[in-house]
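J.:
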Amino acid sequence: MEGARAVSMVVIGIDPHKSSHTAVAVDQLGRKLAQHTTKPDPDGLLRLRIWASKIAAGTQLLWAVEDGRGVAGALVRTLIGTGARVVWVPTRLMAAARASGRERGKSDPIDALAVARAALREPGLPTAHLDQTALDLRLLTDRREQLVRQRTAAINRLRWALHDIDPALDPAGALTRPARLAELTTALTALPPTVRRDLTLDLVTEIAALGTQITELEHRLSALVTPIAPNLLAIVGVSVITAAKIIGETAGITRFRSTAAYAAHTGTAPIPVWSSGKPQYRLNRGGNRQLNTCLHRIAITQLAHHPPARNYHDNWTRHHPHATTKAALRALKRHLANTIYHAQRADHTHQQHPQPHPA
């Protein structure tokens, strides 16, 4: 390999899957050097690291992994644990790099090569690092959302069942309160025993059990978030659940070098779509959509209950008379991304340098 002597940097792009991880090594110009496929078990990950160390001997090594944490989490944690530098590559960047490549089609090696080249084209990608608290919060919030979806589906089935038995039994309010569920249980128990009634009672019991699990998870989230995020929780519209989601999806605010980098990650950075001296911007559909959803909810809440947010929204609208209402909302979300970035930075600093308690 004569060209190997001129290589000053090697990027290992990885296309992760449940049954295998495919890695492709490229040099600093994006030229393919080698490829390797391994199983995602400890032995396979060890062989992958040995292969990469041989390819990148004497050079800088960067690992670029397609952002699929459900299948790549163990891989990334193993690499970071050995001191490797790892970046997450959003799927949209990988797809764009693949579309611009000479090799047509789609395969694991093609995708891995696109991941590596996307990392080269985007040097500002946030570096992954181990953050157990963020991981715990993400797991807990994901589990809570899963249970909420299950409870909502059960409530919908219950309402249809109640309507079938007796429309008068279907209460107008929410069916999440334990007292309301207890009243409904009493009313159903008083009816003549039938299969339909018994199955409806089972639904009520299921909803109550799901509600108990959701409440327990919310208590756990509160215990984790409250001590570490006072500045984030001080923002109007940020509840404990929202704060947990933001911290978990951010996965370490120190990964982002600036508010602009964080805005790009949240999908609130505006995308220019103009020429001839007429500035215009369109909706950014990229970034972390979970964080973008959090910012949207906070923005809606602040517009209803926070005068400074309404003033910002109104002032922006006055200075952009031809902009749409949605554009003004996007501007507020971009502003909130800055606020949330600084709040998390302040919380991180407080954790690193806690203030002593007064005597």
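The sequence shown: position 163 = 163 (UniProt numbering), numbered continuously. Glycine included, C-beta positions come from ideal geometry on N, C-alpha and C. Here the structure is a predicted model, which is why all the values come from computation and not from measurement.
(1) Of all the options Leu233, Pro307, Thr78, which has the alpha carbon lying nearest to the alpha carbon of Ala128?
(2) For Ala323, does the three-state DSSP call read helix, strand or coil?
(3) Can you give me the C-alpha to C-alpha distance between Gln146 and His313, rounded to a whole angstrom?
(4) Could you tell me the alpha carbon to alpha carbon distance between Leu201 and Leu188, rounded to whole angstroms?
(5) Quick check: the Cα distance between Gln150 and Val204, rounded to an integer number of angstroms?
(6) Taking the alpha carbon of Val115 as the point to measure from, which residue in Gly124, Met94, Asp108 has its own alpha carbon closest?
(7) Please report the residue range of the alpha helix (DSSP H) in which Lys54 lies.
(8) For a test of the three-state rule: what should DSSP assign to Glu145, helix, strand or coil?
(9) Looking at Asp166: is its Cβ nearer than 8 Å to the Cβ of Arg159?
(10) Can you look up Leu62 in the DSSP assignment and give me helix, strand or coil?
(11) Are there 16 or more other CB atoms within 10 angstroms of the CB of His36, so buried, or fewer, so exposed?
(12) Return the residue from the list Ala56, Asp41, Thr349, Thr250 that minimises the CA-CA distance to Asp131.
(13) Given 8 Å as the limit, is there contact between the segment 106-123 and the segment 48-55, that is, 3 or more CB pairs closer than that?
(14) Could you give the distance in angstroms between the alpha-carbon of Ala309 and the alpha-carbon of Leu221?
(15) Taking contact to mean at least 3 C-beta pairs separated by less than 8 Å, is the segment 335-351 in contact with the segment 233-246?
(16) Taking just the CA atoms, how far does Ala134 sit from residue 369?
(17) Can you list, in chain order, the stretches of the alpha helix (DSSP H) that have 4 or more residues and sit fully within the UniProt domain "Transposase IS116/IS110/IS902 C-terminal" (231-313)?
(18) Which residues in the same chain as Thr339 place their Cβ atom closer than 7 Å to its Cβ, once the five residues preceding and following it in sequence are excluded?
(19) Kindly indicate which three-state DSSP category Ala359 falls into: helix, strand or coil?
(20) Under DSSP, the alpha helix (DSSP H) around Ala118 begins and ends at which residues?
(21) Might you give, ordered along the chain, the residues of its own chain that have their beta carbon closer than 7 Å to the beta carbon of Glu122, omitting 5 neighbours on each side?
(22) Under a Cβ-count criterion, where at least 16 other Cβ atoms within 10 Å of its own Cβ denotes burial, should Asp67 be classed as buried or exposed?
(23) For Arg333, does the three-state DSSP call read helix, strand or coil?
(24) Hey, out of Ala56, Ala57, His21, whose CA is closest to Pro40's CA?
(25) In chain order, what residues of the same chain lie with their CB nearer than 7 Å to the CB of Gln290, ignoring the 5 residues before and after it?
(26) Determine the direct distance from the alpha carbon of Gly211 to that of Arg144, and round the result to whole angstroms.
(27) Under 8 Å between the Cβ atoms of Leu113 and Leu75?
(28) Of the choices Val65, Gly70, Ala84, whose alpha-carbon is the least far from that of Ala56?
(29) Per DSSP, which residues does Lys32 bridge with? Please list them.
(30) Check whether the Cβ atoms of Leu336 and Leu303 sit closer than 8 Å, and answer yes or no.
(31) Should Gly13 go down as buried or exposed, given a rule of 16 or more other Cβ atoms within 10 Å for buried?
(32) Taking the alpha carbon of Val11 as the reference point, which residue from His320, Pro90, Arg31, Thr215 has its own alpha carbon closest?
T.: In terms of the structure at hand:
(1) Thr78
(2) coil
(3) 34 Å
(4) 7 Å
(5) 13 Å
(6) Met94
(7) 42-55
(8) helix
(9) no
(10) strand
(11) buried
(12) Thr250
(13) no
(14) 27 Å
(15) yes
(16) In the structure as shown, the chain begins at 1 and stops at 359. Residue 369 is therefore absent and cannot be evaluated.
(17) 240-250, 259-266, 289-305
(18) Ile235
(19) In this predicted model, Ala359 has a pLDDT of only 46, less than 50, meaning its place in the structure is not dependable; the value taken from the coordinates is given anyway. Here Ala359 sits in coil by DSSP.
(20) 108-121
(21) Leu93
(22) buried
(23) Checking the sequence shown, residue 333 turns out to be Lys, not Arg. Correct three-state label for Lys333: helix.
(24) His21
(25) Lys245, Glu249
(26) 10 Å
(27) no
(28) Ala84
(29) Val26
(30) no
(31) buried
(32) Arg31
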